[in-house]
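Those protein sequences? They're chains U and X, same order as listed. Residue 114 is where the first sequence starts when you use this note's numbering, and the numbers rise one by one after that. Residue 238 is where the second sequence starts when you use this note's numbering, and the numbers rise one by one after that. We put the CB at the ideal spot given by N, CA and C, even for glycine. In what follows, a structure is listed as structure tokens, so that the remarks can point back to it.
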Amino acid sequence: MEMPRPNPDIIARKAELVSRMLEVLPADAVISDPSETRAYECDALTAYKCPPLAAILPSSTQQVSDALRICHAMGVPVVPRGSGTSLAGGALPTADSVILGVARLNDVLDTDYDNRFIKVQTGRTNLSVTGAVEEHGFFYAPDPSSQLACAIAGNIAMNSGGAHCLKYGVTTNNLMGVTMVLMDGTIMELGGAHLDAPGYDLLGLICGSEGQLGVVTEATLRILHKPEGARPVLMGFDSNEVAGQCVSDIIKAGVLPVAIEFMDRPCIRACEAFAKAGYPDCEALLIVEVEGSDAEIDEQLETIMAIARTHNPVELRQSTSAEESARIWLGRKSAFGAMGQINDYMCLDGTIPVSQLPFVLKRIGEMSKEFGLDVANVFHAGDGNMHPLILFDANKPGDLELCEAFGAEILKLCVEVGGCLTGEHGVGIEKRDLMVDQYAPQDLEMQMAVKDVFDPKWLLNPAKVFPLQSSESHRIAAE
Amino acid sequence: MTILTPESEADLAAIVASADTPFHVQGGGTRPIGGPTNGTPLSTAGLSGIELYEPGSLTLVVRAGTPVAEVEAALAAENQRLAFEPMDHRGLLGTKGEPTIGGVIGANVSGPRRIQAGAARDFLLGVRFVDGSGQVIRNGGRVMKNVTGYDLVKLLAGSYGTLGILTEVALKVLPDTVTTATLSILGLDDVSAVAALSRALGSPFEVTGAVHLPQAQGAARTLIRIEGSEASVAYRAAELQKLLAGFGEVLFDHDTAANRALWQDLRDVTVFHDRPGDVWRLSVKPSDAPGIVASVPGAEALYDWGGGLIWLLVPQGTAPAVIRQPVDDAGGHATLIRGNRNAGVFHPLPAPVAALQDGLRLKFDPNGLFNPGLMGQTA
Chain U
114 MEMPRPNPDI IARKAELVSR MLEVLPADAV ISDPSETRAY ECDALTAYKC PPLAAILPSS
174 TQQVSDALRI CHAMGVPVVP RGSGTSLAGG ALPTADSVIL GVARLNDVLD TDYDNRFIKV
234 QTGRTNLSVT GAVEEHGFFY APDPSSQLAC AIAGNIAMNS GGAHCLKYGV TTNNLMGVTM
294 VLMDGTIMEL GGAHLDAPGY DLLGLICGSE GQLGVVTEAT LRILHKPEGA RPVLMGFDSN
354 EVAGQCVSDI IKAGVLPVAI EFMDRPCIRA CEAFAKAGYP DCEALLIVEV EGSDAEIDEQ
414 LETIMAIART HNPVELRQST SAEESARIWL GRKSAFGAMG QINDYMCLDG TIPVSQLPFV
474 LKRIGEMSKE FGLDVANVFH AGDGNMHPLI LFDANKPGDL ELCEAFGAEI LKLCVEVGGC
534 LTGEHGVGIE KRDLMVDQYA PQDLEMQMAV KDVFDPKWLL NPAKVFPLQS SESHRIAAE
Chain X
238 MTILTPESEA DLAAIVASAD TPFHVQGGGT RPIGGPTNGT PLSTAGLSGI ELYEPGSLTL
298 VVRAGTPVAE VEAALAAENQ RLAFEPMDHR GLLGTKGEPT IGGVIGANVS GPRRIQAGAA
358 RDFLLGVRFV DGSGQVIRNG GRVMKNVTGY DLVKLLAGSY GTLGILTEVA LKVLPDTVTT
418 ATLSILGLDD VSAVAALSRA LGSPFEVTGA VHLPQAQGAA RTLIRIEGSE ASVAYRAAEL
478 QKLLAGFGEV LFDHDTAANR ALWQDLRDVT VFHDRPGDVW RLSVKPSDAP GIVASVPGAE
538 ALYDWGGGLI WLLVPQGTAP AVIRQPVDDA GGHATLIRGN RNAGVFHPLP APVAALQDGL
598 RLKFDPNGLF NPGLMGQTA
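What follows is the structure, encoded as structure tokens:
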């Protein structure tokens, strides 16, 4: 993976940078010893590593502003980092960059149940946001798989989703306001406890901008009362086509499940072996979950199961207890872990129109044979967000490259059928060079023009999202 | 004055590329919101038609000039709908013409269900637009989950045609519901009403509308909408009646046709049609709403979104500061919807935010061709 050549002049000024950081940050918030900066050399895309020049851990918005102002003046690139769970390399440093970690910004600033929001510092983890409000019966809806570890800052940067976004939306639909610091140190507020901020929708623009437009230090998030209950039903089918058709029929019937998860045979087997969830041995499995009171759940599941029966399921089973529901979900949620037991794997994240499911799965099967690498499919079928897991052997020379080439072909296929490269993981460095397959040059230019406005010197996370070739003229113009 | 109405995206792009004087960009021209603009009228009404509709994927791709009525009819035929419930501004603004879907997106128009389902911008999956240089730009797509690159889709929603001229939009649609019911409590003062609405919205019973009509419009009515299957609506109504019993008697009406008409009137702010005076739209924290309303002399209010949205009727020519000051003090924003459009329609932005907004506008429309004077600090 190509990264811009580190600037030797900046590396030569490391001592000056560190001493200036120490003027605005406490000593334990400035990490510059190479044995310690190594902790920040990668995120969850571990194939690529590079220790940063330094890492800083500010504990207030003002400290973030002071530190950014210094980096801005010295021309030092800054890579913002939430909890480092990005699968796309969003927090990968370069040797001349400073990692700005938000881990110490983890306070709850306000909870307001009457007006249904919580205001937090953005280093707080996703799950602990819900943790702060659940004793009052509330929750924060976006639920990425990494929710135990991932930070709200990263959720905003990547516009994270989760299994339940068919009903509740993704981060951008649940974000009401932010405190953001621009690269030059300017602190600003966007939105707040009211809806639909005035002027252009800058909140919508910064959500999913991968830490390239500003550093978000505080966030006002919408909270909702938990549903009275939820219950999943398992459906097994003879073929992916039939399962795909069933998904479409359920949606057309006017029922809106909170989640529709899809697993194919390789994934079912791995998860069953790992979690013993009682999954049937079949070609395709759906987990469909609905919410409400017991009677409301019964009514919705009756409709859903009637639709499923018209597709001759090999298995059709409602959960009968909380334990069984938990086991059904455990299987799904341990999919990545289960695949990890078998081999190294790469997790993709393309989205396709739901109607293209059967075709895309068939093509992935064919490509799997062409590349000689196994692939398991698990995904959020209701919204078409696929997570093909390609198995490879990291110790076998050339296997990673083969796996990446296969992954790129799958993502291009997603674009060809009307979908996109990434549904919830972000572009980072991983899908950077594929952006030209989804967007025309003028489309990318317009996006980069937005970065020109927020960060004219292109210092914030500059080597991400856009192909280096495309962004080169912007980065050079900024020097 | 002649209105330019290009029949294709390519024609529109060519018109913009060769232009040296500004345009007044519009869809159906039914929502004249924002400062007046003197450019040549340019309408997207010629770019009409549904490109793709897949009910099983909850996806609709439609040209920007397509009438909202045509979109809604196509969805209704499949028992689906635009869940963000865009209001029709014609009654309130006294305009004529055919509202277009592009106009809905351009002004980010959402109705009472916004409180539960989200705003127009939340349902917008993708856009095509012509920028100020005459280039056709694409962003987003037609799928529900998409974080590929920057989200210019949201930026275009609510930009009132000042960043680009929309030619095509892709929308997420949702299933329609069988039963629409309304719970009502009579005679509540504004503070109690907002508290009751907050209680309902903070419950698990999926309230999809939360409106309070104060005493000025006859007996004060606090209205809560629930939608779904008949059995589910009956169950939730009973639970909400228990939950809200402390606020007074909670009446239940499940006449779906009558309730749909009622909520359409609330959506379109019918109580202020044909009434003299200026109309403002305030977005605030719900619990701040009654205090803000009380601080404006001679104001009548309709509270929507559980109090978060205030429609305010004030004497004609009321100085903007009278409304904006209490909103600024509490946090929120106020837009002049009907009144003297030279008076500053949009809420002034803090300097750093305004600087970003101006910078973006210059990138998208470098020659200032689109709706000059419409948004920005002075209008």
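| Check | Outcome |
| --- | --- |
| Ordered along the chain, which non-local residues of its own chain (more than five positions away) have a Cβ less than 7 Å from that of I336 of chain U? | R229, F230, I231, V246, F251, F252, Y253 |
| Give the DSSP-derived three-state secondary structure of Q614 of chain X in the structure shown. | Because Q614 of chain X sits at a pLDDT of 47, beneath the cut-off of 50, its placement in the model cannot be relied upon, and the following sentence gives the value as read from the coordinates. Of the three classes helix, strand and coil, the one that applies to Q614 of chain X here is coil, per DSSP. |
| If you follow the alpha helix (DSSP H) that L279 of chain U is part of, which residue opens it and which one closes it? | 278-281 |
| Please determine, among X:V346, X:Y397, X:G363, X:L488, the residue with the shortest C-alpha to C-alpha distance to S280 of chain X. | X:Y397 |
| When you compare the CB of D505 of chain X with every CB in chain U, is at least one pair closer than 8 Å? | no |
| Leaving aside the five residues before and after Q614 of chain X along the sequence, list all residues of the same chain whose C-beta is less than 6 Å from its C-beta, in chain order. | Confidence in Q614 of chain X is poor, its pLDDT being 47 and thus under 50, which makes the residue's placement too unreliable to answer from. |
| Could you spell out the range, first to last residue, of the beta strand (DSSP E) harbouring K409 of chain X? | 402-409 |
| Determine, using beta carbons only, whether T615 of chain X comes closer than 8 Å to chain U. | Low confidence applies here, because T615 of chain X scores a pLDDT of 42, under 50, leaving its location unreliable and the question unanswered by this model. |
| Any beta-carbon of chain X closer than 8 Å to the one on V427 of chain U? | no |
| In angstroms, rounded to a whole number, what distance separates the CA positions of E412 of chain U and I441 of chain U? | 21 Å |
| Decide if N496 of chain X is buried, meaning its Cβ has at least 16 other Cβ atoms within 10 Å, or exposed. | buried |
| Among U:S178, U:V189, U:V403, which residue has its Cα nearest to the Cα of E129 of chain U? | U:V189 |
| Please report how far the alpha carbon of T243 of chain U lies from the alpha carbon of M452 of chain U, in whole angstroms. | 28 Å |
| Assuming S440 of chain X and L477 of chain X form a contact by the criterion Cβ under 8 Å, report the distance between their Cβ atoms to the nearest whole angstrom. | 7 Å |
| Check distances from the C-beta atoms of the region 533-544 of chain U to those of chain X and list, in chain order, the residues that come in under 8 Å. | C533, L534, T535, G536, E537, H538, G539, V540, K544 |
| Going along chain X in order, which residues have a C-beta closer than 7 Å to the C-beta of F375 of chain U? | Ordered by position in chain X, no residue passes the 7 Å Cβ test against F375 of chain U, which lies about 14 Å from the chain. |
| Against chain X, does K365 of chain U count as a neighbour if the rule is that its beta carbon must be under 8 Å from one of theirs? | yes |
| Mind listing the chain U neighbours of G522 of chain X? Cutoff is C-beta to C-beta under 7 Å, in chain order. | Per the sequence shown, the amino acid found at residue 522 of chain X is Lys instead of Gly. Those within 7 Å of K522 of chain X in chain U are N228, A306, H307. |
| Flag this pair as yes or no: are the beta carbons of K446 of chain U and V371 of chain U separated by less than 8 Å? | no |
| Using only alpha-carbon positions, find the residue among U:G214, U:M114, U:A160, U:C184 that is nearest to D141 of chain U. | U:G214 |
| Beta carbons nearer than 7 Å to chain U: which residues of the region 370-394 of chain X have them? | Q372, I374, R375, N376, G378, R379, V380, M381, K382, N383, V384, T385, G386, Y387, D388, L389, K391, L392, A394 |
| Any C-beta of chain X sitting closer than 8 Å to the C-beta of E341 of chain U? | yes |
| Run through DSSP, which three-state label would W517 of chain X get? | strand |
| Name, going along the chain, the residues of the region 277-293 of chain X whose beta-carbon falls closer than 8 Å to a beta-carbon of chain U. | E291, P292, G293 |
| If you follow the beta strand (DSSP E) that A418 of chain X is part of, which residue opens it and which one closes it? | 416-423 |
| Sort X:P589, X:G569, X:G596, X:L593 by Cα distance to F583 of chain X and report the nearest one. | X:G569 |
| Could you give the DSSP three-state label for D565 of chain X: helix, strand or coil? | helix |
| If you compare alpha carbons, which of X:G545, X:G544, X:T572 is closest to A556 of chain X? | X:T572 |
| Say whether chain X places a C-beta atom closer than 8 Å to the C-beta of M548 of chain U. | yes |
| Tell me whether E291 of chain X is buried or exposed, calling it buried when 16 or more other Cβ atoms sit within 10 Å of its Cβ. | buried |
| Which residues in the same chain as K162 of chain U place their Cβ atom closer than 7 Å to its Cβ, once the five residues preceding and following it in sequence are excluded? | E154, C155 |
| For R224 of chain X, I'd like the list of residues in its chain whose CB is within less than 6 Å of its CB, leaving aside the five on either flank, ordered along the chain. | There is simply no residue 224 of chain X to check, as chain X begins at 238 and stops at 616 in what is shown. |
| If we count the other Cβ atoms within 10 Å of its Cβ and call it buried at 16 or more, is N508 of chain U buried or exposed? | exposed |
| Would you mind reading off the limits of the beta strand (DSSP E) that contains E374 of chain U? | 372-377 |
| By Cβ distance, which residues of its chain are closer than 6 Å to G197 of chain U, with the 5 residues on each side in sequence left out? | D156, A204 |
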